[in-house]
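Under numbering that gives the first Met the number 0, the residue at position 323 of the sequence shown is numbered 322, and the numbers go up by one with no gaps.
Where is the CB? At the ideal position from N, CA and C, for every residue including glycine.
As structure tokens, the structure follows; a few thoughts come after it.
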Amino acid sequence: MASSGKTNSHSEKGGGNPVMTTAAVIPPVDNVQYSIHSTASKRTLVFSSSLAGVLSLLASQVYFPALTPIARDLHVSDTLVNLSISIYIVMEGLTPAFSAQISDTCGRRPVYIVCLVIFLGSNIGLAIQNSYTALLVLRLVQAAGSSGAQSLGNAVAADVAPPAERGAYVSYAAGLPMLASAIGPVIGGLMAEFAGWHSIFWLLAALGGATLLYMALFFPETCRKIVGNGSVPPQRWNRCWTNVWLERQREGAGDLRQGEGEEIKPPTFKFPNPLRPVLLLLKPECGFALLYSSILACSFYATLALIPTQFGRIYSFDELKVSLCYLPYGVGALVAALSRGYFIDANFRRHATALGITMEKNKTDLTDFPIERARIEVAVPTIGLTTALTIAFGWMLHAGVHVAGPLIILFALGFCASASLNCIQALMLDINPGRAGTVLASNSLLRCLLGAGATAATVPLITAVGIGWALTVFGGLNALFAPMLWYIMRKGPEWRKRSKRL
0 MASSGKTNSH
10 SEKGGGNPVM
20 TTAAVIPPVD
30 NVQYSIHSTA
40 SKRTLVFSSS
50 LAGVLSLLAS
60 QVYFPALTPI
70 ARDLHVSDTL
80 VNLSISIYIV
90 MEGLTPAFSA
100 QISDTCGRRP
110 VYIVCLVIFL
120 GSNIGLAIQN
130 SYTALLVLRL
140 VQAAGSSGAQ
150 SLGNAVAADV
160 APPAERGAYV
170 SYAAGLPMLA
180 SAIGPVIGGL
190 MAEFAGWHSI
200 FWLLAALGGA
210 TLLYMALFFP
220 ETCRKIVGNG
230 SVPPQRWNRC
240 WTNVWLERQR
250 EGAGDLRQGE
260 GEEIKPPTFK
270 FPNPLRPVLL
280 LLKPECGFAL
290 LYSSILACSF
300 YATLALIPTQ
310 FGRIYSFDEL
320 KVSLCYLPYG
330 VGALVAALSR
340 GYFIDANFRR
350 HATALGITME
360 KNKTDLTDFP
370 IERARIEVAV
380 PTIGLTTALT
390 IAFGWMLHAG
400 VHVAGPLIIL
410 FALGFCASAS
420 LNCIQALMLD
430 INPGRAGTVL
440 ASNSLLRCLL
450 GAGATAATVP
460 LITAVGIGWA
470 LTVFGGLNAL
480 FAPMLWYIMR
490 KGPEWRKRSK
500 RL
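Here is the structure:
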């Protein structure tokens, strides 16, 4: 076992016996178990963390089928009610700039709890209001609570999974939220049709309260700056029943803070710097990939936003039938979330074998590994399909073909868009070890700001040029900026090495 400290021997003055003064002995990183959790435990942690992602996607998806009755009851236009979607997306982008950074210093668990309390309160307010102004304000608060917690799902995956198996866990983190995107519109349509749109927010409040109770009682801290590989007990105020059980299992193991190869200092609160996610975007190794993923996300934001008005106009669908139209997209995204991780990790292994690199589950140093190519190669085919499917969807609606055609396209689009974004998300976590929260904040900031603009522009653009050309614009942007991916694969390793030297 190597030592990172020095051991010095000297004799005290006035004494004949040598006194050993020993600095902290820390074994090499590659000899330390990346996480003490078993595979089943890691999957449970990642699925549990994604419960907050379920609430966030559910809060946005159940809302879509209710747009028409909300506009009718509050006496506002479709454009104004779409504004409530845009401001929700903007707040989704801004909140993680604070919550994700706090989670990197104070821990994931306290941020989850605070955000879920905010989410619970906002939904109670939304359930009892009947004002357009109140709707806008409370949707902002709702977005702050839901997105602040949602952004941590992939951070937990990075906490417990090394790069060699991270693709699978990033996909696991997306699995439950994708299920919410599949069933959310159906639930929203049913409730809007039979119980009124206010009942949607009562349901969200109940689900938020149940999730808050579960996270407070059973979800342990995972942030590596606080618990290391899971062997270090968190602060007393940050413990749950799971921590108590783990500590009892490890009684007699000695000083846990130095027993697993790394010494963890007690965390200190630092007020989050809202510019840090912006500064991360200015780094080429991050900025180009996050910009392209945000452009790609704009196409599905626009697609989801236009379904209520266009399917109602073209096919004369009511709220319930409109809600069912979201189901294929959500199912496609769910299939991608559950299957994509295998291909991401398989391509990682292929590159490692080609380079003669022995795969080690605890290895985190990717300096000489072409991680950009390993991740982006998997995304390229589905990105191309996302572009083609977006354009095809627009022209199918323009032609007024049988509804089966657009629904099949929605399933394929959900699969391809979700699969593509998972690959880029895994890449960002790989090249920014120890900064998962900040990376996710940067991702949310850029994606949600561009997505809000895309959502707000969808109806006016359709009015101006028609639905076919409107979605051709969004799909064309994906193709126009696609060379950025080749540039990332070519220059990425050089950018990472230069960043390490600075």
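Alpha carbon of residue i to alpha carbon of residue j, nearest angstrom
{"i": "ILE84", "j": "ILE117", "result": "19 Å"}
{"i": "GLN309", "j": "LEU216", "result": "44 Å"}
{"i": "ARG107", "j": "ILE88", "result": "22 Å"}
{"i": "LEU211", "j": "ALA58", "result": "15 Å"}
{"i": "LEU280", "j": "LEU484", "result": "16 Å"}
{"i": "LEU396", "j": "TYR168", "result": "36 Å"}
{"i": "ARG223", "j": "ASP158", "result": "6 Å"}
{"i": "CYS422", "j": "ALA304", "result": "24 Å"}
{"i": "ALA515", "j": "VAL80", "result": "What is shown of the chain runs 0 to 501, which leaves residue 515 out entirely."}
{"i": "VAL334", "j": "TRP468", "result": "29 Å"}
{"i": "CYS239", "j": "SER230", "result": "15 Å"}
{"i": "TRP196", "j": "ALA65", "result": "6 Å"}
{"i": "PHE480", "j": "TYR291", "result": "7 Å"}
{"i": "GLY183", "j": "VAL61", "result": "5 Å"}
{"i": "ASP367", "j": "GLU318", "result": "54 Å"}
{"i": "GLY92", "j": "SER443", "result": "4 Å"}
{"i": "THR386", "j": "ILE112", "result": "38 Å"}
{"i": "ALA191", "j": "TRP236", "result": "41 Å"}
{"i": "SER49", "j": "ASP429", "result": "19 Å"}
{"i": "GLU261", "j": "ASN228", "result": "Caution is warranted here: a pLDDT of 46 is assigned to GLU261, below 50, making its placement in the model unreliable, and no coordinate value can be reported."}
{"i": "PRO278", "j": "PRO161", "result": "Before going further, note that residue 278 is Leu rather than Pro in the sequence given. Approximately 25 Å, taken between the alpha carbons."}
{"i": "ASN242", "j": "PHE287", "result": "40 Å"}
{"i": "GLY383", "j": "ALA194", "result": "41 Å"}
{"i": "GLY340", "j": "ALA398", "result": "37 Å"}
{"i": "ARG372", "j": "HIS74", "result": "52 Å"}
{"i": "GLY491", "j": "PRO276", "result": "19 Å"}
{"i": "VAL45", "j": "ALA154", "result": "9 Å"}
{"i": "GLU220", "j": "GLN234", "result": "9 Å"}
{"i": "PRO232", "j": "VAL226", "result": "6 Å"}
{"i": "ILE370", "j": "ILE35", "result": "25 Å"}
{"i": "TYR33", "j": "TYR486", "result": "32 Å"}
{"i": "LEU202", "j": "ILE186", "result": "10 Å"}
{"i": "THR67", "j": "GLY452", "result": "21 Å"}
{"i": "THR381", "j": "SER498", "result": "30 Å"}
{"i": "MET214", "j": "LEU365", "result": "33 Å"}
Distance between beta carbons of residue j and residue i, contact taken as under 8 Å
{"i": "ALA440", "j": "GLN128", "result": "Incorrect: roughly 30 Å between the Cβ atoms, too far for contact."}
{"i": "PHE299", "j": "LEU412", "result": "7 Å"}
{"i": "ALA181", "j": "VAL330", "result": "5 Å"}
{"i": "LEU426", "j": "ILE375", "result": "7 Å"}
{"i": "SER102", "j": "PHE218", "result": "13 Å between Cβ atoms; not a contact."}
{"i": "ALA332", "j": "SER417", "result": "4 Å"}
{"i": "GLY147", "j": "THR94", "result": "5 Å"}
{"i": "LEU445", "j": "LEU289", "result": "5 Å"}
{"i": "ALA163", "j": "PHE347", "result": "6 Å"}
Beta-carbon proximity list for residue i, same chain, < 6 Å, skipping 5 on both sides
{"i": "PHE200", "result": "ASN122, LEU125, ALA126"}
{"i": "GLY52", "result": "GLN149, GLY152, PRO176"}
{"i": "PRO273", "result": "ALA96"}
{"i": "MET90", "result": "LEU139, ALA142, ALA143"}
{"i": "LEU137", "result": "SER121, GLY124, LEU125"}
Contacting residues, own chain, Cβ-Cβ under 8 Å from residue i (five flanking each side not counted)
{"i": "LEU511", "result": "For residue 511 there is no data in the structure shown, the boundaries of the chain being 0 and 501."}
{"i": "THR454", "result": "ASN81, ILE84, SER85, ILE88, TYR300, ALA301, ALA304"}
{"i": "PRO459", "result": "THR78"}
{"i": "ASP72", "result": "ASN129, TRP196"}
{"i": "CYS285", "result": "LEU279, MET427, ILE430, ASN431, VAL438, SER441"}
{"i": "LEU135", "result": "LEU82, SER83, ILE86"}
{"i": "VAL379", "result": "LEU484"}
{"i": "TRP244", "result": "none"}
Cutoff 7 Å; reference residue i; Cβ partners in own chain excluding five residues on either side
{"i": "VAL321", "result": "PRO64, GLY188, ILE306, PRO307, PHE310, GLY311"}
{"i": "ALA70", "result": "SER76, ASP77, VAL80"}
{"i": "ILE408", "result": "LEU388, ALA391, PHE392, MET395"}
{"i": "GLY450", "result": "ILE88, ALA296, CYS297, TYR300"}
{"i": "PHE342", "result": "VAL377"}
{"i": "SER98", "result": "VAL110, CYS114, GLY147, SER150"}
{"i": "SER293", "result": "LEU445, ARG446, LEU449"}
Min CB distance residue i to chain D below 8 Å
{"i": "SER145", "result": "Protein chain content of the structure displayed is limited to a single chain, and chain D is not contained in it."}
Please go through the region 135-203 and give each complete alpha helix (DSSP H) segment of 4 or more residues, from N-terminal end onward. 152-159, 162-193
Answer yes if the region 129-140 comes into contact with the region 37-45, meaning at least three C-beta pairs across the two stretches below 8 Å, and no otherwise. no
Any contact between the region 339-354 and the region 436-452? By contact I mean 3 or more CB pairs, one from each, below 8 Å. no
Contact the region 322-339 vs the region 463-479: 3+ CB pairs below 8 Å: Flag = no, the region 322-339 and the region 463-479 do not touch.
Contact the region 49-68 vs the region 391-411: 3+ CB pairs below 8 Å: By the Cβ test, the region 49-68 is not in contact with the region 391-411, since fewer than three Cβ pairs between them sit closer than 8 Å.
Unbroken alpha helix (DSSP H) runs of length 4 or more, entirely within the region 357-414: which are they? 370-398
Could you tell me which uninterrupted alpha helix (DSSP H) segments, each at least 4 residues in length, are contained entirely in the region 38-69, listed from first to last along the chain? 38-60
So within the region 77-120, which uninterrupted alpha helix (DSSP H) runs reach at least 4 residues, ignoring any that extend past its ends? 77-93, 95-105
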